[in-house]
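Right, one structure below, let's go through it.
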Amino acid sequence: MKKKNLSVIVDVYESRTELSPENNELIEKAINAGRNAYAPYSGFHVGAAVLLENGEIITGSNQENAAYPSGLCAERVAVFYAKAKYPEVAIRQLAVVAIKDGVVVETPASPCGACRQVLIEYEDQQGSPLSVILAGKEQTIVIPSSSDLLPLSFGSKELE
Ligand code: THU
21 MKKKNLSVIV DVYESRTELS PENNELIEKA INAGRNAYAP YSGFHVGAAV
71 LLENGEIITG SNQENAAYPS GLCAERVAVF YAKAKYPEVA IRQLAVVAIK
121 DGVVVETPAS PCGACRQVLI EYEDQQGSPL SVILAGKEQT IVIPSSSDLL
171 PLSFGSKELE
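According to the numbering used here, the sequence shown is numbered sequentially starting from 21.
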């Protein structure tokens, strides 16, 4: 038996001013998208913005339902819409922001397990990194690759 280290290195920014204008733009789009969330049950409004290889930015917000599991997270709303519109275009980056009581939350929200699974599927398929930006009120965490979010993941290779 041997031990295997599955560590991940992420970039942590303590202020938005440290980020590139492109990253700030993506975060702003995610915040605006989050304001359109339909989240009457949790009150947790999430916005996501996806930057495509062709330069287009596509946004999404969480959509809840009285039958709770029928709702969908902001990340998957944005990513599925992007891939439905441009199946051949790679996704470069995804920014995620959570809003509570009208304000961006202090601690950056992180995608749920199902969203992580969806992200690594597209990252594997496109063969290039899909990086994830988790933005809090001040602190922002940049994860270089979606695979960093889900070590030992299940994917298409297991089905071969
Ligand atoms: N949610 C997201 O949209 N993205 C996340 O990363 C975490 C959770 C949504 C799902 C649900 O509508 C609400 O936030 C509370 O879980």
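Quick reminder that beta carbons are idealized off the backbone N, C-alpha and C, glycines included.
Give me the residue from the options with the minimum Cα distance to residue i.
i, options, result
"T37", "V30, I29, V28, I47", "I47"
"P131", "K22, A115, Q159, I78", "A115"
"A98", "Q113, P89, G80, A86", "G80"
"Q113", "F64, I161, N25", "I161"
"P107", "L179, A155, E143", "E143"
"V123", "K22, N52, V32, M21", "N52"
"A68", "K23, N43, S27", "N43"
For residue i and residue j, I'd like the C-alpha separation in whole angstroms.
i, j, result
"K105", "E126", "33 Å"
"K157", "K120", "11 Å"
"L39", "G54", "20 Å"
"V70", "L170", "19 Å"
Here's a check: name, in chain order, each residue in its chain whose Cβ is nearer than 6 Å to the Cβ of residue i, leaving out the five neighbours to either side.
i, result
"A110", "E73, Q146, S148"
"N82", "A57, A59, V66, C93, A94"
Taking residue i and residue j to be in contact with their CB atoms under 8 Å, please state how far apart those CB atoms are, rounded to whole angstroms.
i, j, result
"V30", "I140", "Not really, about 16 Å apart at Cβ, beyond 8 Å."
"S176", "S167", "Actually they do not touch by this definition, with Cβ atoms about 13 Å apart."
Within the same chain, show all residues whose beta-carbon is closer than 7 Å to that of residue i, passing over the 5 residues directly before and after it, in chain order.
i, result
"E84", "Y58, A59, P60, Y61, S62, G91"
"V138", "R96, V99"
"Y101", "I78, G80"
"F64", "A118, K120"
Report all residues from its chain with a CB closer than 8 Å to the CB of residue i; omit the five preceding and five following residues, and keep chain order.
i, result
"S151", "R112, Q113, L114, V162, I163, P164, S165, S166"
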